[in-house]
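Below: one structure, written as structure tokens.
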Amino acid sequence: MSWIRRLRNLLRSDHHARELDRELEFHVQERADDLVAGGMNRQSAEVEARRRFGNYGNQKEQTRDADVFVWLDTLIDDVRYAARMLRNAPGFALVAILSLALGIGANTAIFSLVNAVILRSLPVKHPEQIVQLAMTDSNSTFTNPLWEQIRDHQTVFAGAFAYGPQQYNMAPSGEARAAAVDVVSGDYFRTLGVRSVLGRTLTVNDDQRGCPAIAVLSYAFWQQEFGGQRDVLGKTVMLNGNAVPIVGVAQEGFAGLDVGKSTQIFVPICSVAVLRGSFASIEGRSNWWLSVMARAKPGDPIDHMKAGLSTIAKGVFEATIPPRWRQEQKDRYAANGLTVLPASNGLSDLRRRYSKALYTLLGIVSLVLLIACANVANLLLARSAARQREMAVRVALGAARMRVVRQLLTESLLLSIAGALIGFVFAQWGSRLLVGFLSSAGNPIFLDLGIDYDVLAFTILVALVTGMLFGLMPAWRASRVAPNAALKANGRGVIEGQGRFAIGKLLVAAQIAISLALVVGAGLLIGTFRNVSSLDAGFRAADVLLVSMRRPGAPIPRDQAVQTNDAILTRLRSLPGVASASMSTITPLGRTSWNEEMVVDGFTPADPDDGVAFFNSTTSDYFRTLQTPILSGRDFNSGDRFGTPLVALVNETMARHFYKTENAIGKTFRYRAGARTSAPYEIIGVVKDAKYQTLREKTLPTVFVPISQDSGSLGGLNVELRIPAGASAAAPRVRSVINEVDPRMSMTVTTFESQVAATLTRERLLATLSGFFGGLALLLSMIGLYGVLSYNVARRRGEIGVRMALGAGQRRIASMVLSEVGGVLATGFVIGVGLSFLSTKLIASFLFGVKPTDATTLVGSITVLAIVALFAAYLPARRASHVDPVEALREE
Amino acid sequence: MPRTKNDILQGTLLLLVLKTLDSRGSMHGYAITSHIQEVSSDMLRVEEGSLYPALHRMEQEGWLKAAWGTTEKNRQARFYTLTAAGRKQLAHEQESWARLTEGVRRVLRYA
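One line per chain: the protein sequences are A and B, in this order. In my numbering, each residue carries its 1-based index in the first sequence increased by 1169. In my numbering, each residue carries its 1-based index in the second sequence increased by 8.
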């Protein structure tokens, strides 16, 4: 097929015109040559040659028309004819286009997310050169001392830089305003090739120990916060209570390297000392917070970079051994190596958490599209039966077979393109809905979902492939008509064989098989969500308000901080409606954790992880507020202060794991602090097991120590309030009470329920969407079943009439139709069960509390499908049993 | 296919071109013109330029294949070759030509 060449002629008409000139001019020159050879002089030969050629411009035009319009004309004819055929069958067109729109729209929506999260390259120069450094123990966050060693010793890269995303508070006090800050090394902008649109970016000179804090804004933040004003360079931004001067604005479209996040402010690494009021992140040899990335030299293979790094690795690690570690930890540290990973599409926590879920969804929606295709193929098959006479006439009049196929394929493509257009609109808000789904207040997600060429190309490709998929087979079959037979018969479709109908049934069986797999998958994922969200977490999240407080700026003396916190807690407890209130350094399922290596007499850990317990420090009433029962012993009280013996509560798992007893009261433990160990703690109570980081975790051994005896952890504190009358309504009052006690305190208020819900995003996403698409698949398959049955009943009207005339009752006729359904369903179920065993294996890692082969889900899904199928079969069966034999036979 | 005003001539021209290419293999437009004139002993002479719309249409119909090549005089020319579909079309055209001339012959003889 030379379609492409013809289309090119149309699009590149200049080039085509030149080619034509070359060809026609050649002819004229040849003729002139011959005339000269015959004795004519050159000049008159040229004139004569042109005369014989005729009207040059006219011939050229007609030749061009031949190249372009023959094809275009037939195409336009085909399209016009196809459009007319569809207009004449609006019901058919509507069902077909809508099924395709849903299928294609779902695919485009999920793909645009996959594209934005996983596939798209960073908006920097030569993104393919960007790599990420990792350690050979597969850790990829670095300490600042490690980074400085790499920076000073590497020679294999064109440039290297480090950055760490940190959250800062932009509000001077009151409700906190989170700023998305990237703390970056001096060479960050130069290496990435990101320029400034205003002022300057950061350079190596800005990143020297002891530097003052300065800030570069992202373009989007500049627009949104400062309205794009150019005088922003003289101004400051507030970061944790520090006024930081703005030195520049980065180029448009660049918002850091973390896909799904939108960095607003860039500050140099050295400025963290000022902003956090501590050198811990800069000097600390066990503060892991930086990602290290580099730009490869052009064309440098990854193996060469790895080799280059391995020569410096030993020196880098030996120079940065954390001094207070035990010897075996130090040895392990020094033996680590460096490696390189491709990072042209940036880094993404979002990608790590969701890429498998997104690909699963893409798989699900492509199956839905397949079902939609089968539907349309079935509709086309039924239609082609009805149009058999038309095809016969065409063939009899001399239409080539390919011509008929092409005409029918044009109709199919018209359907799929119409479906794609509507689907594209569905996808636009579908994908935004999805991003809204993934975003939470504490963790907003920014994805550029603008229409880009990849998504557009994907949609067009899907439209073309689906058009071919459902159109080719019916078109081929339709073109195989024998005009003689078709025209002789009375044209009510009696002539066609059993074959077409058998294919229709096969397609429906395939639809049912795929639907079963999708419904089973949805059942498992919904079951997982239900299991996770209804499991006993060990606390009751409803009616609890969480306030995360931080006092910006320089730390205040410890006594003063304790007093302020006490005052806040006392005031909050006396608020009307507050049943109980407490404070803690960590809240369950929050983003932070704190663990220590335990030293317990009579306990030897099987491996390093086995000896670890998770910590939290709280005030009294913490367990009452969260409704985690204290099983034995007592809560903290005002007697547990500095200077009194250290006390702790532990959970059941902790007691069982370290002491092999349910009753651990009176036992003691210590924990390692670097090379030394802490003072001993006495256990004064055992509480019920509760989840610590995620709902899906196996309960962790947990230790609770009183804040009043804890020397650290005054920087940020959480308040928990149980307010039975409704937590979120009380938020403004809680906020103002806290600011009355300490006007500088800034805070973030959420409900405990939304914090818990945020940890279930993936489960909820998969459950909701697989349920939705499972339902859609079911609906489409049932439309398919209904269509085939109705068509078949209509086809067999005559036969049914005869049967009834010979004495078959309505029941008998109805059961005849239903037995057909039974056959189709049985076939579908057999294939579907096999298919679901295969496909549920792929989602096994998402499941919780159900096995991929869960029998209840399988039986339940089959039951649902069977019941829905009966509904779909009811109308055709009823119609068959109500055939009037007299009328049916008169038609015959 | 859009019809042009010299329809009958066009039909004859197609037949002549197809036949020429069938017997002589790959040729450029000028050679086809020369060949037709030569073989018909100059009895048939067409406006030379009108050959090209016909050639290109036949190419689009898939009867001919075209490719740029070099002549003996070392000039660039577009060479046409008959395809399988073209051969079929030739048979078809020959048959209808025979019917047409037979019809005309009978009319002339018996009318």
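Cβ atoms here follow ideal geometry from the backbone N, Cα and C, with glycine treated the same way. Keep in mind it's a predicted model, so treat the numbers as computed, not measured.
Chain-ordered chain A contacts of residue i [CB-CB under 7 Å]
| i | result |
| --- | --- |
| residue 33/B | Those do not exist, as residue 33/B stays about 18 Å from chain A at its closest Cβ, beyond 7 Å. |
| residue 85/B | 1195 |
Classification of residue i by the beta-carbon crowding that lies within 10 angstroms, buried from 16 upward
| i | result |
| --- | --- |
| residue 1953/A | buried |
| residue 2044/A | exposed |
| residue 1594/A | exposed |
| residue 1334/A | buried |
| residue 103/B | exposed |
| residue 2053/A | exposed |
| residue 1788/A | buried |
| residue 1213/A | exposed |
| residue 36/B | buried |
| residue 118/B | exposed |
| residue 2021/A | buried |
| residue 1666/A | Because residue 1666/A carries a pLDDT of 49, less than 50, the predicted location of this residue cannot be relied on, and the following value inherits that uncertainty. So residue 1666/A ends up on the exposed side. |
| residue 114/B | exposed |
| residue 1487/A | exposed |
Proximal residues of chain B, C-beta to C-beta of residue i below 9 Å
| i | result |
| --- | --- |
| residue 1193/A | 37, 57, 60 |
Contacts that residue i makes with chain A (C-beta to C-beta distance below 8 Å)
| i | result |
| --- | --- |
| residue 114/B | Ordered by position in chain A, no residue passes the 8 Å Cβ test against residue 114/B, which lies about 25 Å from the chain. |
Through-space distance from residue j to residue i, alpha-carbon basis
| i | j | result |
| --- | --- | --- |
| residue 1234/A | residue 67/B | 12 Å |
| residue 2063/A | residue 2034/A | Chain A is shown only over 1170 to 2061; residue 2063/A falls outside these bounds and no answer can be derived. |
| residue 1970/A | residue 1987/A | 17 Å |
| residue 1380/A | residue 1439/A | 6 Å |
| residue 1980/A | residue 2051/A | 10 Å |
| residue 1662/A | residue 1551/A | Confidence in residue 1662/A is poor, its pLDDT being 45 and thus under 50, which makes the residue's placement unreliable; the coordinate value appears in the next sentence. Straight-line Cα distance between these residues: approximately 10 Å. |
| residue 1846/A | residue 1316/A | 30 Å |
| residue 1590/A | residue 31/B | 51 Å |
| residue 1377/A | residue 1354/A | 9 Å |
| residue 1924/A | residue 1467/A | 46 Å |
| residue 1535/A | residue 1457/A | 41 Å |
| residue 1314/A | residue 1320/A | 10 Å |
| residue 1664/A | residue 1273/A | Because the pLDDT at residue 1664/A is just 41, under 50, the model does not fix this residue reliably, and the value given afterwards should be weighed accordingly. Rounded to whole angstroms, residue 1664/A to residue 1273/A spans 36 Å at the Cα level. |
| residue 1307/A | residue 1495/A | 22 Å |
When the options are compared against residue i, the one with the closest alpha-carbon
| i | options | result |
| --- | --- | --- |
| residue 1293/A | 1236/A, 1399/A, 1357/A | 1357/A |
| residue 1613/A | 1349/A, 1646/A, 1820/A, 1410/A | 1349/A |
| residue 1803/A | 1435/A, 1792/A, 1592/A | 1792/A |
| residue 1855/A | 1876/A, 1817/A, 1844/A | 1817/A |
| residue 1499/A | 1843/A, 1774/A, 1933/A, 1271/A | 1843/A |
| residue 1913/A | 1920/A, 1921/A, 1919/A, 1904/A | 1904/A |
| residue 1840/A | 1768/A, 1868/A, 1872/A, 2024/A | 1768/A |
| residue 1592/A | 1276/A, 1325/A, 1539/A, 1461/A | 1276/A |
| residue 89/B | 71/B, 38/B, 101/B | 71/B |
| residue 1517/A | 1896/A, 1244/A, 1853/A, 1290/A | 1290/A |
| residue 2007/A | 1197/A, 1312/A, 1685/A | 1685/A |
| residue 1342/A | 1642/A, 1485/A, 1838/A, 1909/A | 1909/A |
| residue 1152/A | 1809/A, 1218/A, 1755/A, 1641/A | This structure cannot speak to residue 1152/A, because chain A is shown only from 1170 to 2061. |
| residue 2014/A | 1738/A, 1964/A, 1522/A | 1522/A |
Residues bridged to residue i [DSSP beta-bridge criterion]
| i | result |
| --- | --- |
| residue 1461/A | 1331/A |
| residue 1851/A | 1816/A, 1837/A |
| residue 88/B | 35/B, 74/B |
| residue 1888/A | 1716/A, 1752/A |
| residue 1919/A | 1715/A |
| residue 1511/A | 1300/A |
| residue 1516/A | 1427/A |
| residue 1436/A | 1352/A |
Partner residues on chain B for residue i, Cβ-Cβ distance less than 8 Å
| i | result |
| --- | --- |
| residue 1224/A | 57 |
| residue 1221/A | 55, 56 |
Any non-hydrogen atom of the ligand PLP closer than 8 Å to residue i Cβ
| i | result |
| --- | --- |
| residue 1417/A | Among the components modelled here there is no ligand, and therefore nothing to report on the ligand PLP. |
Closer than 9 Å to chain D by CB, residue i
| i | result |
| --- | --- |
| residue 48/B | In the displayed structure, chain D is absent; the protein chains listed are A and B. |
Under 7 Å by beta carbon: chain B residues contacting residue i
| i | result |
| --- | --- |
| residue 1232/A | 60, 61, 64 |
| residue 1199/A | 38 |
| residue 1228/A | 57, 58, 60, 61 |
| residue 2059/A | Per Cβ cutoff of 7 Å: no residues; residue 2059/A is ~47 Å from chain B at best. |
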